[in-house]
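So the structure is just underneath, and the comments pick up after that.
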Amino acid sequence: MNVHEFQAKQLFAKFGVPVPRGKEITSPEEATAWANELNTPVFVVKAQIHAGGRGKAGGVKITKDKGAVAGLAKELIGKTLITHQTGPKGRKVHRLLLEEGANIAKELYLSILVDRDTGWPTFIASTEGGMEIEEVAEKTPEKIIKEAIDPAVGFQGHNGRNVAFALGLQAMEPAVINPFVQMLGNLYRLFMEKHAALVEINPLIITKEKTLVALDGKVSFDDNGIFKHEDVQKMRDLNEEDPLEIEATANNLNYVKLDGNIGCMVNGAGLAMATMDVIKLAGSEPANFLDVGGGATKETVAAGFRILLKDPNVKGIFINIFGGIVRCERIAHGVIEAAKEVKITVPLVVRLQGTNADEGRKLLAASGLALEVADDLWEAAQKIVRLTGKAA
Amino acid sequence: MSILVNKNTRVVVQGITGKEGSFHATQCKAYGTKMVAGVTPGKAGQEVEGIPVFNTVADAVKKTDCDTSLIFVPPPFCADAILEAADAGVQLIICITEGIPVNDMVKVKRALHGREVRLIGPNCPGVITVDEAKIGIMPGFIHKRGVVGVVSRSGTLTYEAVHQLSTLGLGETTCVGIGGDPVNGTGFVDVLPLFEKDPETQAVVMIGEIGGDAEEKAAEYIQKHVKKPVISFIAGITAPPGRRMGHAGAIISGGKGTATEKMKALEAAGVRVVKNPAEIGHAVKAALGR
Chain A
8 MNVHEFQAKQ LFAKFGVPVP RGKEITSPEE ATAWANELNT PVFVVKAQIH
58 AGGRGKAGGV KITKDKGAVA GLAKELIGKT LITHQTGPKG RKVHRLLLEE
108 GANIAKELYL SILVDRDTGW PTFIASTEGG MEIEEVAEKT PEKIIKEAID
158 PAVGFQGHNG RNVAFALGLQ AMEPAVINPF VQMLGNLYRL FMEKHAALVE
208 INPLIITKEK TLVALDGKVS FDDNGIFKHE DVQKMRDLNE EDPLEIEATA
258 NNLNYVKLDG NIGCMVNGAG LAMATMDVIK LAGSEPANFL DVGGGATKET
308 VAAGFRILLK DPNVKGIFIN IFGGIVRCER IAHGVIEAAK EVKITVPLVV
358 RLQGTNADEG RKLLAASGLA LEVADDLWEA AQKIVRLTGK AA
Chain Z
3 MSILVNKNTR VVVQGITGKE GSFHATQCKA YGTKMVAGVT PGKAGQEVEG
53 IPVFNTVADA VKKTDCDTSL IFVPPPFCAD AILEAADAGV QLIICITEGI
103 PVNDMVKVKR ALHGREVRLI GPNCPGVITV DEAKIGIMPG FIHKRGVVGV
153 VSRSGTLTYE AVHQLSTLGL GETTCVGIGG DPVNGTGFVD VLPLFEKDPE
203 TQAVVMIGEI GGDAEEKAAE YIQKHVKKPV ISFIAGITAP PGRRMGHAGA
253 IISGGKGTAT EKMKALEAAG VRVVKNPAEI GHAVKAALGR
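Right, dumping it as structure tokens:
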């Protein structure tokens, strides 16, 4: 789960990581009130959406004029921002962060995540702050500093010093070395205690006043760890999520919307991805990823149908179930019952394999429903693609 | 021969009195696996399908000489359960549980480091040596004893591949589900050498998916050390970057971990990469010259 910059910064502040004074704003009136209180030479108004590239898309405004803040807020609230991470439809701005400006002397990059190779939490730092870190890693890998933290003992001072000296902080500004080491320790605590998946500060700046400030902040949380943290759960912003994905989550389904026109419903994540792939091989594009889980029932199948049919792009549905513990004749019953409840208006191909597959296929064939039954994966994929026509 | 588990493996089920635990313990037993003990704290003295229940894994080890643990404990308590099994002296821990927080697994992996215990999973279907021991949630009947070793990050997709191998008459030796989480106990590179050494295994099917670089590491290992034919499918060529595709580990981040990159690395290492998941069985058949 991702959170907004202002929420990330609230967490930073709680864990002793310095951030600019700022506040979440949802109206021009609030902006004026907070601007008066802030009383700073430079005001920064930042659109809050869960996507990077806001600056380039016109989502960040800077002014020295306190009186102009309300106007900027008015301009941004309700605006749709299109960045390289939002997709062509963009994302509507519902809230802003209004904060004080800073005197930047130097921009750095800092993040922490679990290195999948070692299984250790690892800091990544670079002198190339403000840039896309992937680009830095690609073009100038020597500018990427990595420091792994032994989870058995946690963060140690030398971990912080290793990063500080490798970054060249001594030459840059020796006064910030100790605060920097302390900051890394605090970020490690935040990362582990809150079950974060990524904590990123880009840029982390050294100010002309020789202090460190997290000028931007991004935190994403491990979905499997959120149940432990009520404060994190409260940070969820449904405006930033696809409504169909929200409905799927509420039904314990795993759904990701895509751009094609063949809706698919599969049990198991790996098989669901393979099903998407085989649709593409057969000449079309999947409309979604949908994993109904190991224990698919009539209820989950019905919920799956409802979600798939709400997507106007869906021109056909492909159900691919490999019955393991779940028996195929039960799935067949589920499909038949669900198809009666939910009006299916598009072609439907059902492929059943595994436990009691024959029985399941017979039930479907005898149901009188307008659907095609298949037993082989490739045959099924070709069928649904033929029935819906190739991708436009 | 086979790898990891066989007819002599003695299994304790942690979380045996839960819905999943009792159901699958029964299924494993029906397959012929030696299910010798179960553990649920506070329920010692009970039985599940004739399997005695103990309060702790240590008790189970003492009384039944079990050497392998199968875990169904819910996510919030699962890290503890894995460490309990390790402390009790079990040699192999197979963790089925899905949804363990990554940072919990970070600590577990570190704690197991350097100890003589192997963890498989979490978030995996388990391990089966055909006709000898089924230690997991896979449907036993789709398997057929044969010559192919299977190692996979996925569940039902593995069943799909196994079904093809069985239908074509090739059959399997052992199938190992290593799980779909970003931090797990055993990787491709840990299982590949076991298959390479196993005299009964003639070919290996490796099923990967997007995210991480386990497949790239495997490619490197295969190029240097594996002489048997390896056939691979990587799921997720149509997956968009930045979106988690069900498994916590299946995510393309920062442009890394794409299916295309993985396929390229494996092909360069001499692996036969199959683009169509319906063709896995046929590709193995061809590789074995049958």
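Residue numbers (the numbering used here), protein chains in the order written: chain A, 8 to 399; chain Z, 3 to 292. Ideal Cβ placement from N, Cα and C applies to all residues, glycine included.
Residue i (DSSP reduced to helix, strand or coil)
| i | result |
| --- | --- |
| Z:F56 | strand |
| Z:I130 | strand |
| Z:P195 | helix |
| A:P158 | coil |
| A:K146 | helix |
| A:Q360 | strand |
| Z:Q93 | coil |
| Z:V41 | strand |
| Z:M140 | coil |
| A:A399 | Any reading at A:A399 needs caution, since the residue's pLDDT is 44, under 50, leaving its predicted position unreliable; the model's value is listed next. Coil. |
| A:V239 | helix |
| Z:M247 | coil |
| Z:G179 | strand |
| Z:G168 | A small fix is needed here, since residue 168 of chain Z is Ser in this sequence, not Gly. Three-state result, Z:S168: helix. |
| Z:A205 | strand |
| A:N246 | helix |
| Z:M265 | helix |
| A:K390 | helix |
| A:L18 | helix |
| A:G341 | helix |
| Z:A237 | strand |
| A:E254 | helix |
Chain-ordered neighbours of residue i on chain A, where CB pairs are closer than 9 Å
| i | result |
| --- | --- |
| Z:E118 | Result: empty, since nearest Cβ-Cβ is about 18 Å, beyond 9 Å. |
| Z:R112 | G126, W127, D157, P158, A159 |
Contacts of residue i in chain Z (Cβ-Cβ under 7 Å)
| i | result |
| --- | --- |
| A:E248 | Chain Z residues near A:E248: none, gap ~12 Å exceeds 7 Å. |
| A:P35 | None at all; the shortest Cβ gap to chain Z is about 33 Å. |
| A:V285 | N278, P279, A280 |
| A:V263 | R245, M247 |
| A:D298 | G248 |
Under 7 Å between C-beta atoms of residue i and residue j
| i | j | result |
| --- | --- | --- |
| Z:G187 | Z:L121 | yes |
| A:M272 | A:I326 | yes |
| Z:A280 | A:W385 | yes |
| Z:I212 | Z:A271 | no |
| Z:T70 | Z:T28 | no |
| A:F228 | A:M8 | yes |
| Z:A237 | A:A281 | yes |
| A:E336 | A:N363 | yes |
| A:L117 | A:V52 | no |
| A:A289 | A:D318 | no |
| Z:V104 | A:V121 | yes |
| A:K68 | A:T87 | no |
Contacts of residue i in chain Z (Cβ-Cβ under 9 Å)
| i | result |
| --- | --- |
| A:H202 | P103, V104, N105, D106 |
| A:K150 | Chain Z residues near A:K150: none, gap ~15 Å exceeds 9 Å. |
| A:D383 | A280 |
Under 8 Å by beta carbon: chain A residues contacting residue i
| i | result |
| --- | --- |
| Z:D215 | R123, D124 |
| Z:T28 | By Cβ distance, chain A contributes nothing, its closest Cβ being about 11 Å from Z:T28, past 8 Å. |
| Z:M140 | G331 |
Best match in the options for proximity to residue i [C-alpha to C-alpha]
| i | options | result |
| --- | --- | --- |
| A:G267 | A:N246, A:M179, A:F296, A:Q14 | A:F296 |
| A:R168 | A:M179, A:A178, A:I184, A:K390 | A:I184 |
| A:L315 | A:V333, A:A364, A:K369, A:L260 | A:L260 |
| Z:E118 | Z:G91, Z:I96, Z:I98 | Z:G91 |
| Z:D133 | Z:R274, Z:S4, Z:G23, Z:E217 | Z:S4 |
| A:T39 | A:V52, A:V51, A:V76 | A:V76 |
| A:L18 | A:M199, A:V51, A:R393, A:H165 | A:M199 |
| Z:K21 | Z:T42, Z:A81, Z:A135 | Z:T42 |
| A:L105 | A:N46, A:V143, A:I111 | A:N46 |
| Z:I73 | Z:G23, Z:V55, Z:D89, Z:M107 | Z:G23 |
Under 7 Å by beta carbon: chain A residues contacting residue i
| i | result |
| --- | --- |
| Z:E211 | G277, M280 |
| Z:Y161 | F329, G331, G361 |
| Z:K109 | P158 |
| Z:P124 | The contacting residues do not exist; Z:P124 stays about 10 Å from chain A at best. |
Contact set between residue i and chain Z, taken where Cβ atoms lie within less than 8 Å
| i | result |
| --- | --- |
| A:V49 | The premise fails here: A:V49 is roughly 32 Å from chain Z at the closest Cβ pair, so nothing lies under 8 Å. |
| A:K53 | In chain order: nothing, as chain Z lies at least about 21 Å away. |
| A:D229 | P103, V104, N105, A250 |
| A:G232 | P103, V104, N105, D106 |
Contained beta strand (DSSP E) runs [length at least 3] in the region 69 to 127 of chain A, N- to C-terminal order: 103 to 107, 111 to 122
Contained alpha helix (DSSP H) runs [length at least 4] in the region 293 to 335 of chain A, N- to C-terminal order: 305 to 317
Length at least 3, wholly inside the region 156 to 239 of chain A: the beta strand (DSSP E) runs in chain order: 203 to 214, 219 to 221, 225 to 228
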